[in-house]
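These notes concern the structure reproduced below.
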Amino acid sequence: MRILITGASGSGTTTLGKSIASKAGWNFVDADDYYWLPTKPPYQSTRGHSERLELILKELDKNEYSVVSGSVMNWGSELEDSFDLVVFLYLDAEIRVPRLKVREEEELGHADPEFLQWAAEYDIGPSQGRSLAKHETWLAARNCKVIRIEGDLGTNERSELLIKALPDQGGLL
1 MRILITGASG SGTTTLGKSI ASKAGWNFVD ADDYYWLPTK PPYQSTRGHS
51 ERLELILKEL DKNEYSVVSG SVMNWGSELE DSFDLVVFLY LDAEIRVPRL
101 KVREEEELGH ADPEFLQWAA EYDIGPSQGR SLAKHETWLA ARNCKVIRIE
151 GDLGTNERSE LLIKALPDQG GLL
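Heads up: the sequence shown at position 1 corresponds to 1 in my numbering, and the numbers run straight through without jumps.
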């Protein structure tokens, strides 16, 4: 079983993904680890499309049960259509962007104003990358169950909603 947890940057996809994977004893995969090349400072260069797709599929094929966090839009149908459940997290920019600023400052020592501006434009549609409209179109094309979790809920509340969405409980209880 594969679960994808996706949404805007700062919506909590990684936090929820790690929590679910830890509780269930499943493999956890962060899409950013495959999208970005390891650089110092981080997030400077991206992997090529075919390389990141090959790497993430190879990792997912090692495990029967995986939780993936992040955006995999336009990575390829072999990955995009391999999920049994997609969880879409939505959180207002007024909450997401300040959280991103704190996270960036803690992890990188500073917050990139261009990144924060890009993240703030998610609802209206930045010129590049993720946007709410692009996510909605992508979600509508999925061939698996899609659930939406909206608002500033805690990780435990989100986990409960995700578990209830699984027909066989996915061995998470």
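All C-beta atoms, glycine included, are put in the ideal place defined by N, C-alpha and C.
Going by beta-carbon coordinates alone, are S19 and L100 separated by less than 8 Å? The count along the sequence shown starts at 1 and reaches residue 19 at position 19. The count along the sequence shown starts at 1 and reaches residue 100 at position 100. Contact flag unset, no.
Have a look at the DSSP bridge pairing and note the partners of Y90. Within the sequence shown, numbered from 1, the residue matching residue 90 stands at position 90. Answer by DSSP bridge pairing, in chain order: E150.
L60, DSSP secondary structure in three states: To locate residue 60, count along the sequence shown from 1; it is residue 60. Correct three-state label for L60: helix.
Assuming G129 and W138 make a contact with CB atoms under 8 Å, what is their CB distance in whole Å? Numbered from its first residue, the sequence shown carries residue 129 at position 129. Numbered from its first residue, the sequence shown carries residue 138 at position 138. 13 Å between Cβ atoms; not a contact.
Coarse secondary structure for I5, derived from DSSP in three states: Indexing the sequence shown from 1 puts residue 5 at position 5. Residue state, collapsed to three classes: strand.
Taking its Cβ as the centre, do 16 or more other Cβ atoms sit within 10 Å of E136, making it buried, or is it exposed? Here residue 136 is taken as the residue at index 136 of the sequence shown, counted from 1. The residue is exposed, with fewer than 16 neighbouring Cβ atoms inside 10 Å.
Mapping the DSSP letters down to three states, classify S159 as helix, strand or coil. As a first step, residue 159 must be located in the sequence shown, where it is residue number 159. Helix, per DSSP.
Nearest to E78 (by Cα), restricted to the options E121, I124, K58, E157: Start at 1 with the first residue of the sequence shown, and residue 78 comes out as number 78. Out of E121, I124, K58, E157, the CA that lies nearest to the CA of E78 is found in K58.
If you drop the 5 nearest sequence neighbours on each side, which residues of the same chain put their C-beta closer than 6 Å to that of L173? Numbered from 1 along the sequence shown, position 173 holds the residue referred to as residue 173. Note on L173: pLDDT 43, under 50, position unreliable in the model; no value is reported.
Spatial neighbours of D81 in its chain, beta-carbon cut-off 6 Å, leaving aside the 5 residues before and after: On the sequence shown, position 81 is the one that residue 81 refers to. For D81, where only same-chain residues beyond five positions count, the Cβ hits under 6 Å are N143.
Just to confirm, are N27 and N74 a CB contact at a threshold of 8 Å? Position 27 of the sequence shown, counting from 1, holds the residue named residue 27. Position 74 of the sequence shown, counting from 1, holds the residue named residue 74. No; because the gap between Cβ atoms is not below 8 Å, this pair is not in contact.
Can the beta-carbon of S69 be found closer than 8 Å to that of T13? On the sequence shown, position 69 is the one that residue 69 refers to. On the sequence shown, position 13 is the one that residue 13 refers to. In this structure, T13 lies closer than 8 Å to S69 by Cβ.
Helix, strand or coil at V72 according to DSSP, with G and I counted as helix: The residue labelled residue 72 in the question sits at position 72 within the sequence shown. DSSP places V72 in coil when its eight states are reduced to three.
Sorted by chain position, which residues of the same chain lie with C-beta nearer than 7 Å to V146's C-beta, five sequence neighbours on each side aside? Position 146 of the sequence shown, counting from 1, holds the residue named residue 146. Excluding positions up to five away in sequence, the list reads V86, F88, L139.
Using 8 Å as the threshold, is the C-beta distance between S22 and Y90 below it? Working through the sequence shown from its first residue, we reach residue 22 at position 22. Working through the sequence shown from its first residue, we reach residue 90 at position 90. Not a contact, by the Cβ cut-off of 8 Å.
I'd like to check one pair, R2 with S66: are the Cβ atoms closer than 8 Å? Position 66 of the sequence shown, counted from the start, is the residue given in the question as residue 66. Position 2 of the sequence shown, counted from the start, is the residue given in the question as residue 2. Yes, Cβ-Cβ distance for S66 and R2 is below 8 Å.
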